[in-house]
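Encoded as structure tokens, the structure appears first; notes follow it.
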Amino acid sequence: MSVVSRLRMGLPALVVLGLTGCATVPSEDRHPDDPWESYNRAVFEFNQDFDESLLRPAAVQYQRLPQPVQTGVGNFFSNLNDVVVLFNNLLQGNLENAASDTGRLLFNTTFGVFGLIDVASPMGLDKNNEDFGQTLGAWGVARGPYLQLPFLGPSTARDAPARLVDGYVSPLYHTNLRDDHSGWWAGLIALDVIDMRAGLIPTERMLAQLSDDPYIAMRQGYLQRRDFLVRDGMSDEEADAMLDELEELEALEAMEAEEGGL
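Here you go:
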């Protein structure tokens, strides 16, 4: 989840230049889902350097804020994301989930003070997870080759352009907000990115257990997760095991954080 779905205007040129300018991996060594591995590894290394020098340190400092502050920030951006989720549930014909998304938006935006407090979940209106990449998958569009995007991280040939649709729908990228309040907009984007990056810290241990090669671990984890989401929870045993392990690691991380605060 880059998780940072932001610098999208220059991405097409960067991707084309990367694909045409890098050496290829011998065909016998190629993973079937990763024909552009040489390019992807180069971008992965760039993203890792960017993350280690800026994003992760900022996320670690962010985690030192009081938990209610972090929860409120996460709830706020989750509420904005519910607009995207609602849009995609409608496109997929999931009317029951779309009704739940609508209820979440109404209750959290009003009674939850612009989404800072999640009042909808205790009411039984659980958070859904949908994006246009999943919508295309539900429509039968194949995910295509694995693709690493500069600054944005792992994606696929299907999911990368789908980000543009989600960005257009999201209130966070509304033209008036971006053009009329550029300072506030940039601050919100930075806060959203840091909040998302902080949420990914517990998964680092899980990725390390998937493979000794961080690149392969990220590719495996991302593709399994995307397949799981497209199937709306009807996952295979391997994906189920990965998600169970993630939940256990997140619980362990929460316990360690609680013990450290004592």
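Here the sequence shown stands for residues 147 to 408, where the numbers follow my numbering.
Don't be surprised by glycine CBs; every beta carbon is placed ideally from N, CA and C.
Only a predicted model underlies this, so the values are computations on that prediction, with no experimental measurement involved.
Could you check the C-alpha separation between isoleucine 362 and leucine 201 for me, to the nearest Å? On the sequence shown, position 216 is the one that residue 362 refers to. On the sequence shown, position 55 is the one that residue 201 refers to. Approximately 21 Å between the Cα atoms of the pair.
Taking glycine 299 as part of the beta strand (DSSP E), name the residues at either end of that continuous run. Residue 299 sits at position 153 when you count from the first residue of the sequence shown. 299 to 302 is the span of the beta strand (DSSP E), which, as asked, contains glycine 299.
Check whether the Cβ atoms of arginine 304 and glycine 286 sit closer than 7 Å, and answer yes or no. Stepping through the sequence shown from its first residue, residue 304 is reached at position 158. Stepping through the sequence shown from its first residue, residue 286 is reached at position 140. Cβ distance not < 7 Å, so arginine 304 and glycine 286 don't count as in contact.
Under the DSSP definition of a beta bridge, which residues are partnered with aspartate 180? Position 34 of the sequence shown, counting from 1, holds the residue named residue 180. Bridge partners of aspartate 180: His177.
Quick check on this structure: which residue in Ile263, Leu346, Asp228 and Ala332 has the alpha carbon closest to the alpha carbon of proline 203? What you label residue 203 is simply residue 57 of the sequence shown in a count that begins at 1. Among Ile263, Leu346, Asp228 and Ala332, the Cα nearest to that of proline 203 belongs to Leu346.
What is the DSSP secondary structure of leucine 237, reduced to helix, strand or coil? Your numbering for residue 237 matches position 91 in the sequence shown. If DSSP states are grouped into helix, strand and coil, leucine 237 belongs with the helices.
Once the 5 residues before and after proline 317 are set aside, which same chain residues still bring their CB inside 6 Å of it? Here residue 317 refers to the residue found at position 171 of the sequence shown. Only Leu226 and Val229 meet the Cβ criterion.
Report yes if the C-beta distance between aspartate 180 and tyrosine 292 is below 7 Å; otherwise report no. Taking the first residue of the sequence shown as 1, we reach residue 180 at position 34. Taking the first residue of the sequence shown as 1, we reach residue 292 at position 146. Contact flag set, yes.
On the CB-based measure, 16 or more other CB atoms within 10 Å of its CB, does proline 300 come out buried or exposed? For the purposes of this step, residue 300 is identified with residue 154 of the sequence shown, where counting begins at 1. It counts as buried.
Going by DSSP in three states, leucine 262 sits in which element: helix, strand or coil? For this step, residue 262 is matched to residue 116 along the sequence shown. Coil.
Going by the C-beta, is aspartate 277 closer than 6 Å to any heavy atom of the ligand FMN? For the structure depicted, the ligand FMN is absent and the ligand set is empty, with no information on it obtainable.
Put arginine 209 into one of helix, strand or coil per three-state DSSP. Start at 1 with the first residue of the sequence shown, and residue 209 comes out as number 63. Note that residue 209 is glutamine in the sequence shown here, rather than arginine. DSSP places glutamine 209 in coil when its eight states are reduced to three.
By the DSSP assignment, the alpha helix (DSSP H) with leucine 353 in it spans what residues? Here residue 353 corresponds to residue number 207 of the sequence shown, with the count starting at 1. Here the alpha helix (DSSP H) through leucine 353 covers 349 to 356.
Phenylalanine 253 versus alanine 244 - alpha carbon distance: If you number the sequence shown from 1, residue 253 lands on position 107. If you number the sequence shown from 1, residue 244 lands on position 98. Answer to the nearest angstrom: the Cα atoms are 14 Å apart.
Cα-Cα separation, glutamine 119 to arginine 176: With the chain running from 147 to 408 in the structure shown, residue 119 is simply not present.
Cβ neighbours of valine 231 in the same chain (closer than 6 Å, five flanking residues each side left out): The residue given as residue 231 occupies position 85 in the sequence shown. Within the same chain, valine 231 has close Cβ partners Asp247, Asn274 and Glu276.
Evaluate leucine 282 with the Cβ neighbour count: other Cβ atoms within 10 Å of its Cβ, from every protein chain shown; 16 or more gives buried, anything less gives exposed. In the sequence shown, the residue the question calls residue 282 occupies position 136. The residue is buried, with at least 16 neighbouring Cβ atoms inside 10 Å.
What do you reckon, are the CB atoms on aspartate 312 and phenylalanine 257 nearer than 7 Å? Translated into positions along the sequence shown, residue 312 becomes position 166. Translated into positions along the sequence shown, residue 257 becomes position 111. The answer is no: Cβ separation not under 7 Å.
For tryptophan 331 and leucine 103, the rounded distance between their alpha carbons: The requested residue 103 is not part of the displayed model; the chain covers only 147 to 408.
Just checking: is the beta-carbon of serine 328 within a distance shorter than 7 Å of some beta-carbon in chain D? No chain D appears in this structure, which consists of one protein chain only.
I'd like the list of long-range same chain contacts for isoleucine 340, defined as Cβ closer than 6 Å, with 5 residues on each side in sequence excluded. Residue mapping note: residue 340 aligns to position 194 of the sequence shown, counting from 1. Correct list, in chain order: Ala204, Ala205 and Tyr208.
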